[in-house]
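Per our numbering, the sequence shown runs over residues 1156 to 1351.
Every residue gets a Cβ at the ideal spot worked out from N, C-alpha and C, and that includes glycine.
As the structure is a prediction and not an experimental result, all values here were calculated from the model.
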Amino acid sequence: MYHEQKPFDVSPYDHPDIYPGPRPASSFLFWQGKAHRMEAGKGVPVEQHSIHFTNVDHVLGSLAFQSTHVKKVEEFLGEGGLQSKVPVVAYGSNVCLAQLQYKFRLRPEEEDFMLCLKGAVTDSDIVYAPFLAPYGSLPAVIAPVEGAVCEVWLTFMDKKQLELINSTEKGYELRVHTGKKVRLDTGEVFENVYAY
1156 MYHEQKPFDV SPYDHPDIYP GPRPASSFLF WQGKAHRMEA GKGVPVEQHS
1206 IHFTNVDHVL GSLAFQSTHV KKVEEFLGEG GLQSKVPVVA YGSNVCLAQL
1256 QYKFRLRPEE EDFMLCLKGA VTDSDIVYAP FLAPYGSLPA VIAPVEGAVC
1306 EVWLTFMDKK QLELINSTEK GYELRVHTGK KVRLDTGEVF ENVYAY
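In structure tokens, the structure reads:
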């Protein structure tokens, strides 16, 4: 059983007792099966965040290895910009790199470009669910707790990616959350976000 130093290349699907799995300490872009470190200062809109890329073929990508070049998020968003993406709160294994690799391998034809931006949710906490996931882990759920502040990531995905992630979240229901409770580490707040 893994309690500490959980390996980044093992997903909760492979080893349910590591749920939620190790997660990066910072915002990142998950793309082409690996993480690409992101950075931005306070008040910088998502489109202007910098993405660091590396030539090293490892799931940790530029989170662990020196970057070879840097690009802005806006260079990848296309016509629809960030508005074409669905903001979904991730607090369990959906920011575990090995879990993301596993999920996107279920539909290899889907583009795996997914922004994962670190932030916090207020008046909520992440607690264990009262049920087991089909693969054997004890999953997390978001629960209302007045005054609490909890670490989360806000992921941005297109409609097809959302269909894929929904298909892997059978015990959950995707709902819209209002009230501006999710704030990115850069300070940006979104009116409506979705969460399981």
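- DSSP places Val1199 outside both helix and strand once states are collapsed to three, so it counts as coil.
- Annotation for Ser1292: Pro1167, Pro1171 and Tyr1174 place their beta carbon closer than 7 Å to its own, counting only its chain and skipping 5 residues before and after.
- By the CB criterion at 8 Å, Phe1208 and Ser1217 fall inside the cutoff.
- Each residue's CA atom was taken as its position, placing His1332 and Tyr1349 some 6 Å apart.
- With a contact defined as Cβ atoms closer than 8 Å, Phe1185 and Leu1252 qualify at about 7 Å.
- If you draw a straight line from the Cα of Lys1227 to the Cα of Asp1164, it comes to about 27 Å.
- Pro1299 sits in a strand when the DSSP states are folded into three classes.
- In the displayed model, Ala1253 falls within a helix according to three-state DSSP.
- For Phe1231, the enclosing alpha helix (DSSP H) starts and ends at Glu1229 to Leu1232.
- Contact between Ser1205 and Leu1272 is ruled out by a C-beta separation of about 13 Å, above the 8 Å threshold.
- By the criterion of a C-beta distance shorter than 8 Å, Val1300 is surrounded in its chain by Asp1278, Ser1279 and Asp1280, once the five residues flanking it on both sides are discounted.
- Contact between the stretch 1186-1194 and the stretch 1300-1310 is absent, with fewer than three C-beta pairs closer than 8 Å.
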